[in-house]
Amino acid sequence: MNGYFVPEPHQKPAHADEMDGPNCKTYTLKMLRQCAGSELPLRVKVTSTKADEGHAVYHFATTSVTSMNVWRASYRYSELLAFRTHVEDEWTCHDEKCSGSCQSLRDLLEASFPKKGLGILSTWAHTVEDRKLKFKNVLIHLLRSVLLPGSTMKCFHARQNL
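Numbering (the numbering used here), first residue to last: 250 to 411.
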């Protein structure tokens with residue numbers, strides 16, 4: 250499938266029976282590129298964090314420098330970790346004949362993605378600030394790898410799936 254289900258921003262349900270699953274929108278790479286072309290360059294920020302039931306929720310804002318459109322989303326660390334795993338396992342190839350861009354992307358995620366720590370530490374100010382910076386850097390690199398013409402992502406499989 251040449252698309253990705255983008256979860257709606259993290260929202261705490263009013264009732265426990267509302268936890269069937271997140272609302273999702275489907276975007277294909279072609280749709281993202283068409284939208285992104287007029288919106289580039291993008292500025293990514295982790296605007297804030299909030300402790301929610303012992304977990305940190307990270308609030309992201311992506312702003313188009315040209316149109317000043319802003320996209321906001323909020324995710325827990327576990328949701329971002331699931332996204333990372335999906336990028337590594339599904340959206341990058343593991344073919345020996347690959348140009349190397351998939352492996353370099355996996356290496357970047359391994360080196361730059363914030364590590365999971367003890368639950369009690371996840372809301373500490375130092376941990377939150379460190380994760381905010383690392384999430385921002387990873388997201389900027391992923392966006393550049395996919396959206397910019399002439400990007401480092403040369404693998405056909407990854408360009409179709411990312």
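A virtual CB, placed ideally from N, CA and C, is assigned to each residue, including glycine.
Applying the criterion that 16 or more other CB atoms from any shown protein chain within 10 Å of the CB defines a buried residue, is Phe323 buried or exposed?
Sequence check: residue 323 is Ser here, not Phe. Burial call: buried.
Taking the alpha helix (DSSP H) that Asp239 belongs to, which residues open and close that run?
Only positions 250 to 411 of the chain appear in the structure, and residue 239 is not among them; the question remains open.
Identify which residue in His343, Trp320, Ser316, Ala305 has its Cα closest to the Cα of His375.
Checked all of His343, Trp320, Ser316, Ala305; the closest Cα to His375 is Ala305.
What's the gap between the Cα of Ser394 and the Cα of Arg321?
Between Ser394 and Arg321, the alpha-carbon positions lie close to 21 angstroms from each other.
Tell me the DSSP secondary structure of Phe362 in three-state form.
Coil, per DSSP.
Closest residue to Val319 among Cys404, Arg333, Val293 (Cα-Cα distance)
That would be Val293, whose Cα lies nearest to the Cα of Val319.
Once DSSP output is grouped into helix, strand and coil, what is the label at Thr315?
In the structure shown, Thr315 falls within a coil segment according to DSSP collapsed to helix, strand and coil.
Beta-carbon gap between Leu377 and Thr311 smaller than 7 angstroms:
Note on identity: in this sequence residue 377 is Val, with Leu being the wrong assignment. Taking 7 angstroms as the Cβ cut-off, Val377 and Thr311 do not qualify as a contacting pair.
What number of angstroms, rounded off, separates the C-alpha of Ser353 from the C-alpha of Leu388?
The straight-line gap from Cα to Cα measures roughly 15 angstroms.
Span of the alpha helix (DSSP H) holding Glu328?
In the DSSP assignment, Glu328 falls within the unbroken alpha helix (DSSP H) covering 326-335.
Assuming Glu328 contacts Arg355 (C-beta within less than 8 angstroms), just tell me the rounded distance between them.
The C-beta distance from Glu328 to Arg355 rounds to 20 angstroms, too long to fall under 8 angstroms, and the pair is not in contact.
Distance check for Pro290 and Leu358, CA to CA, integer angstroms please.
Annotation: Leu358 to Pro290 spans about 22 angstroms, alpha carbon to alpha carbon.
Between Lys383 and Pro363, how many whole angstroms is the CB-CB distance? I'm expecting something under 8 angstroms.
Their Cβ separation, rounded to whole angstroms, is 4 angstroms, which keeps Lys383 and Pro363 in contact under 8 angstroms.
Is it right to say Trp373 is buried, meaning 16 or more other beta carbons lie within 10 angstroms of its own, or is it exposed?
By the neighbour-count rule (16 or more Cβ atoms within 10 Å), Trp373 is not buried but exposed.
Check the C-beta distance from Lys365 over to Leu330 and give it rounded, since I have them as a contact under 8 angstroms.
Right, the Cβ-Cβ distance comes to about 7 angstroms (below 8 angstroms), so this counts as a contact.
Can you list, in chain order, the residues of its chain with a C-beta nearer than 6 angstroms to that of Arg380? Leave out the 5 residues immediately preceding and following it.
The residues are Pro363.
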